[in-house]
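Peer 1: The following block contains the structure, expressed as structure tokens.
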Amino acid sequence: MPELPEVETVVRDLARLVTGATITSANVFRERNLATPDAPSFTDAVRGRRILGTRRRAKWIIVELSGGILLLVHLRMTGQLLVLPATVERDPYIRLSLTLDDGRELRFRDVRAFGRVALVAQRSDGEAASNLDPHSPPLLADHGVEPLAAAFTADALRALIAHRGTRIKSLLLDQRCIVGIGNIYADEALWRAKIHPLTPANRLRPAQLDALHLAIVGVLSEAVAARGSSINDYTAPDGDGEMQERLDVYQRTGEPCHRCGAAIQRSVVGGRGTHVCRTCQRAPRGAGRAAASRAVRGPRWSERVTPETVGATRSERAAARRRSARQGEAA
Ligand SMILES: [Zn+2]
Numbered sequence: 000m001p002e003l004p005e006v007e008t009v010v011r012d013l014a015r016l017v018t019g020a021t022i023t024s025a026n027v028f029r030e031r032n033l034a035t036p037d038a039p040s041f042t043d044a045v046r047g048r049r050i051l052g053t054r055r056r057a058k059w060i061i062v063e064l065s066g067g068i069l070l071l072v073h074l075r076m077t078g079q080l081l082v083l084p085a086t087v088e089r090d091p092y093i094r095l096s097l098t099l100d101d102g103r104e105l106r107f108r109d110v111r112a113f114g115r116v117a118l119v120a121q122r123s124d125g126e127a128a129s130n131l132d133p134h135s136p137p138l139l140a141d142h143g144v145e146p147l148a149a150a151f152t153a154d155a156l157r158a159l160i161a162h163r164g165t166r167i168k169s170l171l172l173d174q175r176c177i178v179g180i181g182n183i184y185a186d187e188a189l190w191r192a193k194i195h196p197l198t199p200a201n202r203l204r205p206a207q208l209d210a211l212h213l214a215i216v217g218v219l220s221e222a223v224a225a226r227g228s229s230i231n232d233y234t235a236p237d238g239d240g241e242m243q244e245r246l247d248v249y250q251r252t253g254e255p256c257h258r259c260g261a262a263i264q265r266s267v268v269g270g271r272g273t274h275v276c277r278t279c280q281r282a283p284r285g286a287g288r289a290a291a292s293r294a295v296r297g298p299r300w301s302e303r304v305t306p307e308t309v310g311a312t313r314s315e316r317a318a319a320r321r322r323s324a325r326q327g328e329a330a
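For the sequence shown, position 315 matches number 314 in numbering that gives the first Met the number 0, and the numbering has no gaps at all.
Written as structure tokens, this is what we have:
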């Protein structure tokens with residue numbers, strides 16, 4: 000699932016590719032991806048609007064349109080935004096498309112169709128409203144702090160989590176607390192800070208909290224600079240990211256820790272695959288053995304894509320080729 004760096008990359012690519020263009024028409028191919036309004040109102044409301052710019056809030060992509068209207072897109076599991084000449088054939092996974100006045104289309108492609116698109120008004124306080132009425136309540140009010148904003152200091156992190164008895168990894172994934180961190184960057188930040196994912200937040204020492212703050216900001220900034228991690232379906236309008244080549248623990252089960260050489264291990268924390276170096280990241284008392292005994296590794300659905308799969312993107316096929324090469328080495 001795309002996390003903050005991937006969504007930020009899409010937002011920046013889109014800003015460069017579509018700012019200034021005018022939407023001449025819209026097609027909704029699958030209405031269930033549209034959270035609000037209904038399809039006829041959507042196509043009606045976007046027609047003739049100019050794209051003024053793009054920004055990000057949490058994992059939402061916000062496209063600012065003329066007349067105080069915002070187009071919101073959440074990629075969820077497999078969503079992609081593509082900007083292509085309108086003459087390029089649409090594949091069956093295009094759920095929605097906007098035709099631009101310069102002969103291109105902005106297409107929302109989503110294989111598993113969990114992604115969400117919404118068209119809402121901008122409120123007078125700058126927040127996205129819940130629908131096309133600018134007086135409706137803010138849509139994203141329950142979202143937490145932005146980890147790359149200046150306000151996210153070590154003290155701010157301490158104030159957010161130091162009193163909580165929740166396992167630190169679960170807290171990092173809680174979007175009401177800090178936004179944009181998913182499974183990849185939670186595992187990476189905890190490895191950098193040498194903190195075991197099962198450690199209760201209120202048992203972290205001040206030095207560990209400082210290290211965690213540095214690790215979160217560091218790994219997210221580096222990932223934005225690298226255009227995100229192209230794992231599974233993520234690609235940006237201007238192409239794949241390369242952070243996946245620089246990850247220290249995520250999906251490196253069995254490979255040596257970049258710090259100490261011990262094998263990276265995978266277990267399950269709160270239903271999520273979790274990657275740790277058990278030498279660098281000491282388990283809190285009583286947690287280690289239970290976590291290890293539940294270690295599992297099932298295939299993700301996208302691992303079933305082969306280089307020949309029809310409808311796969313270039314990056315999906317490339318990932319499939321890398322996978323089959325790896326399996327060849329292992330055999
Ligand atoms: Zn290590």
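In this text, a Cβ means the ideal position worked out from N, Cα and C, and glycines have one as well.
No experiment lies behind these values; they were computed from the predicted model shown.
Assuming the contact rule is C-beta atoms closer than 8 Å, K168 and A185 should be a hit. Round their C-beta distance to whole Å, please.
Peer 2: Between A185 and K168 the Cβ distance is about 5 Å, and since that is below 8 Å, they are a contact.
Peer 1: Which of the three DSSP states, helix, strand or coil, is assigned to N26?
Peer 2: Three-state result, N26: strand.
Peer 1: Could you name the residues of the same chain whose beta carbon sits closer than 8 Å to that of D209, not counting the 5 residues immediately before and after it, in chain order?
Peer 2: Within the same chain, D209 has close Cβ partners A153.
Peer 1: Rounded to a whole number of angstroms, what is the C-alpha to C-alpha distance between F113 and R29?
Peer 2: Answer to the nearest angstrom: the Cα atoms are 11 Å apart.
Peer 1: Compare the Cα-Cα distances from C256 to each of N231, K193, D232 and report the closest residue.
Peer 2: When only C-alpha atoms are compared, the closest one is K193.
Peer 1: Report buried or exposed for R321, applying the criterion of at least 16 other Cβ atoms within 10 angstroms of its Cβ.
Peer 2: Label assigned to R321: exposed.
Peer 1: From which residue to which residue does the alpha helix (DSSP H) around D12 run?
Peer 2: Note, D12: alpha helix (DSSP H), 3-17.
Peer 1: I'd like the ranges of any alpha helix (DSSP H) spanning at least 4 consecutive residues and lying wholly in the stretch 97-167.
Peer 2: As far as the stretch 97-167 is concerned, its whole alpha helix (DSSP H) runs of at least 4 residues are 153-160.
Peer 1: Can you give me the C-alpha to C-alpha distance between T252 and R175, rounded to a whole angstrom?
Peer 2: The straight-line gap from Cα to Cα measures roughly 30 Å.
Peer 1: Could you compute how far the alpha carbon of I97 sits from the alpha carbon of E104?
Peer 2: Residue identity check: residue 97 is Leu in the sequence provided, not Ile. In a straight line, the C-alpha of L97 is about 5 Å away from that of E104.
Peer 1: Pick out whichever of A85, T77, S228, L171 has its Cα sitting closest to the Cα of R271.
Peer 2: For the residues A85, T77, S228, L171, the minimum Cα distance to R271 belongs to L171.
Peer 1: Between the alpha carbons of D109 and L51, how many angstroms are there, rounded?
Peer 2: C-alpha separation (whole angstroms): 25 Å.
Peer 1: Could you check the C-alpha separation between Q250 and T21 for me, to the nearest Å?
Peer 2: So the two alpha carbons sit approximately 42 Å from each other.
Peer 1: Going straight from the alpha carbon of P4 to that of G67, what length do you get?
Peer 2: Cα to Cα, the separation comes out at about 27 Å.
Peer 1: Would you mind working out which of V178, S135, L138, P137 sits nearest L156, comparing C-alpha positions?
Peer 2: Nearest of V178, S135, L138, P137 to L156, Cα basis: V178.
Peer 1: When we look at the beta-carbon of V267 and count the other beta-carbons within 10 Å, is it buried (16 or more) or exposed?
Peer 2: Burial call: exposed.
Peer 1: Does the stretch 63-79 come within contact of the stretch 127-140, defined as at least 3 CB pairs closer than 8 Å?
Peer 2: Contact holds: three or more Cβ-Cβ distances are below 8 Å.
Peer 1: Checking contacts by CB at 9 Å: is E254 closer than that to chain C?
Peer 2: In the structure shown, chain C cannot be found, because there is only a single protein chain.
Peer 1: With distances taken from each beta carbon to the nearest heavy atom of ligand 1, which residues come in below 6 Å, in chain order?
Peer 2: That query returns the following residues: C256, R258, C259, A261, C276, T278, C279.
Peer 1: With a threshold of 8 Å on Cβ separation, who are the neighbours of R296 within its own chain once the five nearest residues in sequence on each side are excluded?
Peer 2: Below a pLDDT of 50, predicted positions are generally treated as unreliable, and R296, at 44, falls in that range; the measurement from the model is reported next regardless. Only T252, R265, G272 meet the Cβ criterion.
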